[in-house]
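Heads up, the sequence shown is in the working numbering, so the first residue is 131 and it goes up one at a time.
Heads up, the beta-carbon is just placed ideally off N, CA and C, and yes, glycines get one too.
Working notes, structure below.
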Amino acid sequence: MNPHSQLSQNDRAMISVLRGTESMSICELTDAMQVTATAVRQRLNRLMALELVERCQTVEGRGRPSHRYLLTDKGKRSSANNLDDLAVVLWEQVQKIEDPGVKRKVIAGAVERLSERYQLAIRGDTVEERTRSLVEMFAERQIAISFDENSALPLIKVGGCPYPTLAGENHEICDMEQALLASVIGHPVDRCQCRQDGDSCCTFEVGQEAVDHNREAGVS
Numbered sequence: 131m132n133p134h135s136q137l138s139q140n141d142r143a144m145i146s147v148l149r150g151t152e153s154m155s156i157c158e159l160t161d162a163m164q165v166t167a168t169a170v171r172q173r174l175n176r177l178m179a180l181e182l183v184e185r186c187q188t189v190e191g192r193g194r195p196s197h198r199y200l201l202t203d204k205g206k207r208s209s210a211n212n213l214d215d216l217a218v219v220l221w222e223q224v225q226k227i228e229d230p231g232v233k234r235k236v237i238a239g240a241v242e243r244l245s246e247r248y249q250l251a252i253r254g255d256t257v258e259e260r261t262r263s264l265v266e267m268f269a270e271r272q273i274a275i276s277f278d279e280n281s282a283l284p285l286i287k288v289g290g291c292p293y294p295t296l297a298g299e300n301h302e303i304c305d306m307e308q309a310l311l312a313s314v315i316g317h318p319v320d321r322c323q324c325r326q327d328g329d330s331c332c333t334f335e336v337g338q339e340a341v342d343h344n345r346e347a348g349v350s
């Protein structure tokens, strides 16, 4: 039986919460989901039985070992549906394109079309306003993303991969995501952290030229 068909709305809600973090304790899940610890344990036991969640043991200082919970690879793909299956097949076909120029053109075309669709929902004129709007749009799609405006350069942090069924061993999906972010907000971004490299999240830094542009325009 397909484990995804056995998931309740509450199960999917827990998976969505875990998708945005590296791991969580029962107390953290209780706070995040606003339910009792008993309810959290019941859901965790069900998801572990389905091999969608696993438990790891951590030791901090001289205290007693504690348990944290994280999604398995199967759990990260738990939102898969027919559209995801189609996306995987199409991406696999893109990977088989031997001519690098043709391959880049196909990916660039996909980024352009996605950007056009996203920009219909993006509001604001400045980089900050457009990035905040983008974060709100992704959050509505249950993608863990945040915007840190207090760092030296503005940072876009993506906690969970928006394309868990497509991410492979290379960085092509990450490159596509970087190009898409830059296209939507209207300024280049640099990838300074990546989950593919073992980092806890993918972090994109808005280029200095965007900050300078806002200063010249008199935007704080």
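- For SER313, the enclosing alpha helix (DSSP H) begins and ends at 302-315.
- As a beta-bridge residue in DSSP terms, SER196 pairs with THR188.
- Counting the other CB atoms within 10 Å of its CB gives THR188 a total below 16, which places it among the exposed residues.
- In this structure the stretch 195-206 touches the stretch 146-153; the number of beta carbon pairs closer than 8 angstroms is three or more.
- Straight-line spacing of the CA atoms in MET144 and LEU159 works out to 8 angstroms.
- One alpha carbon belongs to TYR293, the other to ILE237, and they sit about 15 angstroms apart.
- Per the coordinates, the alpha-carbon of ARG321 lies some 23 angstroms from the alpha-carbon of LEU148.
- GLU335 places its beta carbon less than 9 angstroms from that of PRO284.
- Put simply, the backbone Cα of GLU228 is about 22 angstroms away from that of ALA309.
- Contact check for SER313 against GLU242 passes: the beta carbons are separated by less than 9 angstroms.
- Taking the Cα positions, ASP329 is about 11 angstroms away from VAL288.
- By the 16-neighbour rule on beta-carbons within 10 angstroms, GLY231 is exposed.
- For ASP141, the closest C-alpha among the options ASP161, LEU182, ALA167 is that of LEU182.
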